[in-house]
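Data first, discussion second: the structure below is written as structure tokens.
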Amino acid sequence: MIKASKLSVSLGAGQAVRDVSLLVRPGDRIGVVGESGCGKTMLGLAMIGMTPAAAKVSGSLRLDNAEMVGADEKSWQVQRARRVAMVFQEPMAALNPIKRVGDTVMEPLIIHMGLSRAQARECALSLFEEVGIPDPEARFRQFPHEISGGQRQRVLIALALTCDPGLLIADEPTTALDANVALRITELLARLARDRTMALLFISHDLAAVARSTEDMLVMYGGDIVERGKTAAVLSDPRHPYTQGLLSARPRPENVRETDGRRKRLPTIPGAVPPLADLPAGCRFAGRCPVEMSQCATVRPAEREGTICHQLEAAT
Amino acid sequence: MGYFLLRRTISFIVTLFVVSAVVFAVMNILPGDPALTILGLDATDDALAALREELALNDPVITRYGQWVWGALRGDFGVSHSFRVPVSELVVERLPLTISLAISGMVVTVILALVLGIGAAAHHRKAGDWGVMFLSQLGIAVPAFWLSILLVLLFAVKLRWLPPGGFPGWSEPLGAIRALILPTVALALVQAAVLARVTRSSALEVMRLDYIRTARAMGFSRQRVLWRHVLPNALIPIVTIVGLQFAALVTGTIVIENVFYLPGLGRLIFQSIANRDLPSVQALVMLFAAIVVTANFIVDLLYLAIDPRLKARS
Amino acid sequence: MTRLPVNLMIGAVLVGLVVATAALSLVWTPYDHTLLNIRDKFAPASPVHWLGTDQLGRDVFSQLMAAARNSVAVALTAVFIGGSIGVSLGLLASAIGGLVEDIVMRLADISFAFPALLFAIMLAAVFGPSLTVAVVAIAFINIPVFARVARASANQIWTREYVFAARAAGMGRFAITRDHVLPNIAAPVIVQATIEFAIAILAEAALSYLGLGAQPPAPSWGRMLSEAQTLMYLAPQLAIYPGLCIVVAVLGFSLLGDGLRDVTDPRLVRER
Numbered sequence: 004m005i006k007a008s009k010l011s012v013s014l015g016a017g018q019a020v021r022d023v024s025l026l027v028r029p030g031d032r033i034g035v036v037g038e039s040g041c042g043k044t045m046l047g048l049a050m051i052g053m054t055p056a057a058a059k060v061s062g063s064l065r066l067d068n069a070e071m072v073g074a075d076e077k078s079w080q081v082q083r084a085r086r087v088a089m090v091f092q093e094p095m096a097a098l099n100p101i102k103r104v105g106d107t108v109m110e111p112l113i114i115h116m117g118l119s120r121a122q123a124r125e126c127a128l129s130l131f132e133e134v135g136i137p138d139p140e141a142r143f144r145q146f147p148h149e150i151s152g153g154q155r156q157r158v159l160i161a162l163a164l165t166c167d168p169g170l171l172i173a174d175e176p177t178t179a180l181d182a183n184v185a186l187r188i189t190e191l192l193a194r195l196a197r198d199r200t201m202a203l204l205f206i207s208h209d210l211a212a213v214a215r216s217t218e219d220m221l222v223m224y225g226g227d228i229v230e231r232g233k234t235a236a237v238l239s240d241p242r243h244p245y246t247q248g249l250l251s252a253r254p255r256p257e258n259v260r261e262t263d264g265r266r267k268r269l270p271t272i273p274g275a276v277p278p279l280a281d282l283p284a285g286c287r288f289a290g291r292c293p294v295e296m297s298q299c300a301t302v303r304p305a306e307r308e309g310t311i312c313h314q315l316e317a318a319t
Numbered sequence: 136m137g138y139f140l141l142r143r144t145i146s147f148i149v150t151l152f153v154v155s156a157v158v159f160a161v162m163n164i165l166p167g168d169p170a171l172t173i174l175g176l177d178a179t180d181d182a183l184a185a186l187r188e189e190l191a192l193n194d195p196v197i198t199r200y201g202q203w204v205w206g207a208l209r210g211d212f213g214v215s216h217s218f219r220v221p222v223s224e225l226v227v228e229r230l231p232l233t234i235s236l237a238i239s240g241m242v243v244t245v246i247l248a249l250v251l252g253i254g255a256a257a258h259h260r261k262a263g264d265w266g267v268m269f270l271s272q273l274g275i276a277v278p279a280f281w282l283s284i285l286l287v288l289l290f291a292v293k294l295r296w297l298p299p300g301g302f303p304g305w306s307e308p309l310g311a312i313r314a315l316i317l318p319t320v321a322l323a324l325v326q327a328a329v330l331a332r333v334t335r336s337s338a339l340e341v342m343r344l345d346y347i348r349t350a351r352a353m354g355f356s357r358q359r360v361l362w363r364h365v366l367p368n369a370l371i372p373i374v375t376i377v378g379l380q381f382a383a384l385v386t387g388t389i390v391i392e393n394v395f396y397l398p399g400l401g402r403l404i405f406q407s408i409a410n411r412d413l414p415s416v417q418a419l420v421m422l423f424a425a426i427v428v429t430a431n432f433i434v435d436l437l438y439l440a441i442d443p444r445l446k447a448r449s
Numbered sequence: 524m525t526r527l528p529v530n531l532m533i534g535a536v537l538v539g540l541v542v543a544t545a546a547l548s549l550v551w552t553p554y555d556h557t558l559l560n561i562r563d564k565f566a567p568a569s570p571v572h573w574l575g576t577d578q579l580g581r582d583v584f585s586q587l588m589a590a591a592r593n594s595v596a597v598a599l600t601a602v603f604i605g606g607s608i609g610v611s612l613g614l615l616a617s618a619i620g621g622l623v624e625d626i627v628m629r630l631a632d633i634s635f636a637f638p639a640l641l642f643a644i645m646l647a648a649v650f651g652p653s654l655t656v657a658v659v660a661i662a663f664i665n666i667p668v669f670a671r672v673a674r675a676s677a678n679q680i681w682t683r684e685y686v687f688a689a690r691a692a693g694m695g696r697f698a699i700t701r702d703h704v705l706p707n708i709a710a711p712v713i714v715q716a717t718i719e720f721a722i723a724i725l726a727e728a729a730l731s732y733l734g735l736g737a738q739p740p741a742p743s744w745g746r747m748l749s750e751a752q753t754l755m756y757l758a759p760q761l762a763i764y765p766g767l768c769i770v771v772a773v774l775g776f777s778l779l780g781d782g783l784r785d786v787t788d789p790r791l792v793r794e795r
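Here it is, written out as structure tokens:
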């Protein structure tokens, strides 16, 4: 079980993640969505102890019973791969180019799990099968540049599974892939989480992928979790103005054409995410929000029913 | 891959031939009359004629070049004018010392440079990094022969731990090793300074890459990430420089052997110059140049071994 | 206003020191550096002889000053000759292209098989050792270095629009090379020359130390060291000063070269 309370990551004058509280239980599948720069990748990195050297992490993060905020690199090394594993965005660049992919997957089995080479080979081959790599024996001897992007991402997922982690963080695992391949990888991740009762933190800006692979979701903006809930509920009935904007900005049949058949302009959220240091102290969305009130920019909204918004506070 | 190998091998052979032509031209055409160069201006006509006969100087230049190359290919470099024995015998006698010096120098260079370079990269922008950068900047400016003199001053003259020079012969293994310690260190320190810089910047570049992040995310220790993931990938530019440095080291032995009075090929060249022994100088210069060219050729082959992507491309 | 890099400033100060000393030695040294005074041999450092005297009673400080002049002169001559030939070949290769370019560049590759020392050894064997031999050998190894730099930079210039415009206006290859290419490759060539200067000073010292360069009584740091080596038990200090001078000069030129490169080619500013 992983529990974050008031977890924050500061970068210079700004806060990339602000007071995030989150409980992850075995088998949970949680989507994290938001625009680039909303803090979702930084949250993922904080949960595996790999924030940039300049970043300051505060609050609390408990992996089972170990407090990891303020823990040194050595303590993190023990947790990585075994309790928390991470799959990154660019499968092209994320594999060591001069190692055969089989050796890459065998390495943690030998180093962390203490298997012999022969055992590690057996185990790695079965992982290759589990993640749907066809003809594992042949793939095993190949170098990363010899296999496709989708296959590489599967290798990276197999690598992440080697030490049977309690939580797998997947940071935009499908963004660099073709739509077709992306769909398969998304389904694979959801299946693995179900089969292994492994928690999955699926970080993506692709709402369709999140809808397909997760049960719960978080919407992040400016380092805050602005809305959380069951994935189906959030997507069908978004409550925070930012989530509403994000959902209406999706290209869907009904917002591509007018009723008379003319092309419609795709709705967008006006403005852009400001730089970290310029985020408003109150609600992070103030300044871009269509229903902004006078106190929004200065007063932090409290959480009500999974969302933080002064409008909803006022309504209840 | 086969194509790359073939092309590189052909260019290696062509280079050797061009180099041999240059050496031959400088040593045989530039002086005008090599016999006169060897014997000096006060030589008698009879002596000159006899030497011309001995060196076959009356044959056309092309014939002489052909004979020299043909002989060299069979290991026959002619007869040393001053020692009156075949040059190949002199070489065989002195080669072990020069090769031991070059190889031990290279090994010490590589070990020092990798440890310092990777260490500096691991402590990027910290005191250790600055220290290594400062030392390597200084090392590049220090001439190997002066460093040798300083080492002799400290370890031979002042502390009296090691001999200041000379070589007792291989029949005394301990003495031979003691005699080679200072020369090896002098040879290696300067080269290690250059290589440590290259190692550091190459490692820093690799450390930024995604697959290093993957390795860290897998919970591998810092040391494992550095030596098993960063270093092998950082090796490509390092190998290039090592190849160039081996060339520099081999010619560096010429200097170092003269500093420490070691009876290797480098001493032999200088004795030959002093004796105006053109056939020996010609053979030895060709030998050194061939070692340099061969080192570069081997470096190209090493690339293929290190980087599997190259095999795919070529 | 960007701040000048530290290496550039330190390099400029050290180079300034060496060049000023060399220039000063033309008009003034404390003593004539060849003046023998056997009665006063191995004198310690004192207000009379700032760094003492050598085995023949010659003033060490004066010798070091005169040797600075020798070092700078050799480096200047060798780099200038090698650089001129190399840049010309590089420009020629770039302007004509095709087979000429291939041949020039292949020859440049091959000449890397001859370190300055090997070349100097051949020349010394044939002509007898002299400072000229050292200068020619150092100049020779500079040719391929400059040919490569000039060709690589010139090839970039040839793709620029103003060169296309000049060609469209009917200017010939050599006129374009003179008017457009040469002025625009000056920066990388000067940077390279500064770095080669450092290498030339090291090479001259090594060759003179080995007896292939400056001959007695010509002043040279390398030659002073080879004499001092035989006197290590008597006067170890004599083996220190000339080496320090070499380090200062080489360090100065190499730092200056690195600094100039950082300033003239911002893309290449390396991780420091």
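Chains as they are written, first to last, in our numbering: chain R, 4 to 319; chain V, 136 to 449; chain P, 524 to 795.
Ideal placement from N, C-alpha and C gives every residue a C-beta, glycine not left out.
Computed from a predicted structure; not experimentally measured.
{"query": "Interface flag, R:P111 vs chain V, CB-CB below 7 angstroms", "result": "yes"}
{"query": "For V:I391, the nearest candidate out of P:A631, P:F635, P:A729 (CA to CA)", "result": "P:A729"}
{"query": "Within 7 angstroms, strictly: CB atoms of V:A84 and V:A383", "result": "Only positions 136 to 449 of chain V appear in the structure, and residue 84 of chain V is not among them; the question remains open."}
{"query": "Contact list for P:Q752 against chain V, beta-carbon separation under 7 angstroms", "result": "I284"}
{"query": "Which of helix, strand or coil DSSP assigns to P:A709", "result": "helix"}
{"query": "Check whether R:V72 and R:M45 have beta carbons under 7 angstroms apart", "result": "no"}
{"query": "The segment 176 to 183 of chain R contacting the segment 97 to 107 of chain R, beta-carbon criterion three pairs below 8 angstroms", "result": "no"}
{"query": "Whole-number beta carbon distance between P:L783 and P:L559, since they are thought to touch under 8 angstroms", "result": "Not confirmed; about 43 angstroms, so no contact."}
{"query": "Candidates V:S336, V:L289, V:V214, of which the one nearest V:S271 by Cα", "result": "V:S336"}
{"query": "Close beta carbons around R:A163, own chain, < 8 angstroms, minus the five adjacent residues each side", "result": "A84, A88, M89, V90, L171"}
{"query": "7 angstroms Cβ cutoff, V:M268 in contact with chain R", "result": "no"}
{"query": "Alpha carbon of R:R307 to alpha carbon of R:Y224, nearest angstrom", "result": "17 angstroms"}
{"query": "Nearest candidate by alpha-carbon position, reference P:W551, set P:F584, P:C768, P:V536, P:L537", "result": "P:F584"}
{"query": "Cross-chain neighbours of R:M89 in chain V, by beta carbon under 8 angstroms", "result": "A352"}
{"query": "Within 7 angstroms, strictly: CB atoms of V:L370 and V:I441", "result": "yes"}
{"query": "Coil, strand or helix - R:V276 by DSSP", "result": "coil"}
{"query": "Contacts of V:D435 in chain R (Cβ-Cβ under 7 angstroms)", "result": "None at all; the shortest Cβ gap to chain R is about 17 angstroms."}
{"query": "Buried/exposed call for R:K43, threshold 16 Cβ in 10 Å", "result": "buried"}
{"query": "Residue interval of the beta strand (DSSP E) (run including R:D227)", "result": "227 to 233"}
{"query": "Residues sharing a beta bridge with R:G34, DSSP", "result": "R:F205, R:M220"}
{"query": "P:L779 vs P:V538 beta-carbon contact at 7 angstroms", "result": "yes"}
{"query": "P:T682 (DSSP reduced to helix, strand or coil)", "result": "coil"}
{"query": "Residue-chain proximity (V:D345, chain R), Cβ-Cβ < 7 angstroms", "result": "yes"}
{"query": "Short CB-CB distance (under 7 angstroms) between V:S89 and chain R", "result": "Here chain V has residues from 136 to 449 only, and residue 89 of chain V is not among them."}
{"query": "Beta carbon proximity, R:A317 to chain V, threshold 7 angstroms", "result": "no"}
{"query": "Bridge-paired residues (DSSP) for R:E190", "result": "Bridge partners of R:E190: none, in fact."}
{"query": "Cβ-based burial, V:F152 [other Cβ within 10 Å; buried from 16]", "result": "exposed"}
{"query": "Inter-residue Cα distance where the pair is V:L361 and V:A331", "result": "15 angstroms"}
{"query": "Under the three-state DSSP convention, the category P:I722 falls into", "result": "helix"}
{"query": "Start and end residues, beta strand (DSSP E) containing R:V2", "result": "The structure shown has nothing for residue 2 of chain R, since chain R only spans 4 to 319."}
{"query": "Below-7 angstroms beta-carbon distance, V:P195 vs any chain R residue", "result": "no"}
{"query": "Buried or exposed (CB count within 10 angstroms, at least 16 for buried), R:R197", "result": "exposed"}
{"query": "R:I172, DSSP secondary structure in three states", "result": "strand"}
{"query": "Reduced DSSP category for R:T310 - H, G, I as helix; E, B as strand; rest coil", "result": "strand"}
{"query": "For R:Q18, the first and last residue of its enclosing beta strand (DSSP E)", "result": "17 to 27"}
{"query": "Cβ-based neighbour list, V:P303, same chain, cut-off 7 angstroms, excluding 5 preceding and 5 following", "result": "G310, A311, A314"}
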